[in-house]
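Right, one structure below, let's go through it.
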Amino acid sequence: MRCPACSQVIQPDRTGKCPLCGFPARELNRKVTTIYATTSAIFFSTLVYALLVYLMRTAHTAQPTPVANTMFWLAIGLSVADGVAMLVVNNITVKAALCEVPAILGLCVFFLSGEVAEFVALLGISVALFVLLAAKIPSYINQIEQKAIQEWQQQQPEDRSW
Ligand SMILES: [Zn+2]
């Protein structure tokens with residue numbers, strides 16, 4: 014792996030530290046891997062809803078009603094608010110969970126109306142939010158690395174700085 018502190022390709026020692034500079038590289042690496050694993054898991058769970066609707070599209074026989082129609086537009090409104098909340102929130106796992114919300118609402122609307130197109134519209138909002146999130150992940154990871162390096166440098170004994 015590459016040590017984020019000294020930018021060298023290294024093999025962490027027994028304690029997970031960089032043998033060149035002493036930065037706890039393995040711990041940070043684990044943290045980054047967890048972020049990728051969690052966000053991917055949330056994304057794939059969203060695809061499960063799509064599969065569910067695909068399998069149920071003929072078996073589920075609900076009829077479009079005025080109530081179902083109101084619920085659809087309510088779901089669209091909530092999804093837009095959800096998208097705004099996602100841009101404001103800082104935690105990446107919370108962001109990913111918020112990306113999933115429109116698809117969940119879409120599933121509820123589908124159960125009410127039986128309209129696959131309404132689910133697809135809401136799923137589309139989810140996918141768009143996930144695309145936005147995916148574009149942000151590299152800079153988010155970079156932020157985490159910089160913060161970890163900074164904290165580590167502050168913990169170093171004074172004589173290391175000169
Ligand atoms: Zn290093």
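Numbered according to our numbering, the sequence shown spans residues 14 to 175.
All C-beta atoms in this analysis are idealised placements derived from N, C-alpha and C, irrespective of residue type, glycine included.
Nothing here was measured: the structure is a model prediction, and the numbers come from that model.
I'd like to check one pair, L135 with L146: are the Cβ atoms closer than 8 Å? no
List the endpoints of the continuous alpha helix (DSSP H) containing L145. 129-168
K78 versus I154, G127, S53, residue with shortest Cα-Cα distance: For clarity, residue 78 is Thr in the given sequence; the question names Lys instead. For T78, the nearest C-alpha among the options comes from G127.
Tell me whether the stretch 104-118 and the stretch 26-37 touch, counting them as touching only if at least three CB pairs, one residue from each stretch, are closer than 8 Å. no
I think E131 touches V122, with their Cβ atoms under 8 Å apart; what is that distance to the nearest whole Å? 5 Å
Express the C-alpha separation of T71 and A18 in angstroms, rounding to a whole number. 56 Å
Please report the straight-line C-alpha distance between L100 and P25, rounded to a whole angstrom. 36 Å
Can you say whether T59 is buried or exposed, counting buried as having 16 or more other CB atoms within 10 angstroms of its CB? Per the 10 Å Cβ criterion, buried.
With a threshold of 7 Å, establish whether the CB of Q156 neighbours any heavy atom of ligand 1. Exclusion of Q156 from the 7 Å shell around ligand 1 follows from its C-beta lying no nearer than that to any non-hydrogen atom of the ligand.
Is L60 near ligand 1, in the sense that its beta carbon is under 7 Å from a heavy atom of that ligand? no
Note down the Cα distance separating I23 from K30, rounded to an integer number of angstroms. 10 Å
Could you tell me if A94 is buried or exposed, where buried requires 16 or more neighbouring beta carbons within 10 angstroms of its beta carbon? exposed
Opening and closing residue of the alpha helix (DSSP H) in which N42 lies: 38-69
When DSSP labels each residue in this structure, what does V22 get in the three-state scheme? For V22, the three-state secondary structure derived from DSSP is strand.
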